[in-house]
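Numbering (the numbering used here), first residue to last: 1 to 212.
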Amino acid sequence: MTPDSPTPTPPRPEASSLSSNGIGAWRLWVPLLLQAALVVAVPAHHAYTYLTGQRIVLQTLPADPYDPLRGHYQTLSYEISRPDRLQLLPGGKELFGQSRRNPRHFSFFLVLEAPIVKAVTAPMPWQPVRISAKQPTDLAANQIALKGEVRGQRIAYGIERYYMPEERRDRVNNDIIQVQNRGNNFVVEVRVDDRGNAVPVSLWVGDRNYRF
């Protein structure tokens with residue numbers, strides 16, 4: 001090639017090649033973008049509650065000994081989910097007595113108090129002491145207000161469902177059965193923020209702790 005010869009132009013990629021490369025790139029990035037979107041979509045108040053919330057412990061109701069846990073997401077019931085129990089507390093008759101006769105949807109705050117006796121192994125559950133229609137501002141240092149909702153005849157606190165990895169499910173099941181055969185129940189550790197919202201943190205079965 002002489003100095004005066006024009007520089008050869010490199011061949012252009014075919015349109016089909018560009019199209020296939022573009023499709024391949026999208027196939028790679030779309031799943032990653034979807035996963036990132038799911039992470040971002042986690043409610044911000046859950047993260048706030050987990051990071052800033054106060055640790056408390058709640059007593060569960062007995063689970064079915066033949067099938068205490070099923071699937072990846074489990075459902076728990078608590079003693080504080082019983083309308084007959086809450087109706088006996090100060091302020092409870094006005095709210096829960098009426099809701100049982102006329103089911104409706106409303107929010108409330110349950111004041112819980114830390115146990116006086118400290119457990120050696122598993123933590124002791126906090127005890128409910130009163131009910132308030134509005135968030136109380138006169139809490140003692142050993143008290144906290146947990147926000148709940150009445151949905152017809154059901155009481156919920158937003159901590160009824162949790163995730164249990166499959167590889168730990170059988171072990172947790174066996175521990176629950178053994179504990180309940182001894183006449184005991186298991187407790188759940190949750191964190192409650194300054195607005196009364198709660199997130200589950202871990203499950204105590206006897207002296208064994210399983211984090212969610």
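Every residue, glycine too, gets a C-beta built ideally from N, C-alpha and C.
Keep in mind that this is a model prediction, so the values were computed, not measured.
- Out of 61, 91, 204 and 190, the CA that lies nearest to the CA of residue 50 is found in 190.
- With a threshold of 16 other beta carbon atoms within 10 Å, residue 141 falls short and is exposed.
- Contact between the region 145 to 157 and the region 110 to 125 is established, with three or more Cβ pairs separated by less than 8 Å.
- Counting of Cβ neighbours within 10 angstroms places residue 96 among the buried residues, the total reaching 16 or more.
- Under DSSP, the beta-bridge partners assigned to residue 107 are 149.
- The beta-carbon separation of residue 57 and residue 123, rounded to 5 Å, stays under the 8 Å limit for a contact.
- Residue 47 and residue 53 have their C-alpha atoms some 10 Å from each other.
- From the listed residues 196, 211, 83 and 203, the smallest Cα separation to residue 135 is found for 196.
- Around residue 85, the same chain offers 79 and 128 as residues with beta carbons nearer than 8 Å, after the five sequence neighbours per side are excluded.
- Rounded to the nearest whole angstrom, the C-alpha separation of residue 165 and residue 171 is 11 Å.
- If you draw a 10 Å sphere on the C-beta of residue 77, you find fewer than 16 other C-beta atoms in it, and that means exposed.
- Assignment of residue 76 by DSSP, reduced to helix, strand and coil, places it in the coil class.
- The secondary-structure analysis by DSSP pairs residue 47 with nothing; it has no beta-bridge partner.
- The residues 48, 49, 52 and 53, in chain order, have a CB closer than 7 Å to that of residue 193 in the same chain once the five nearest residues on each side in sequence are set aside.
- With a threshold of 16 other beta carbon atoms within 10 Å, residue 106 falls short and is exposed.
- Of the candidates 208, 162 and 89, the residue whose Cα lies closest to the Cα of residue 133 is 89.
- Annotation: residue 91 to residue 116 spans about 23 Å, alpha carbon to alpha carbon.
- Between residue 205 and residue 159, the C-beta spacing is not below 8 Å.
- In the three-state reduction of the DSSP assignment, residue 179 falls in the helix class.
- Beta-carbon to beta-carbon, residue 60 and residue 174 are separated by about 17 Å, too far to satisfy the 8 Å threshold.
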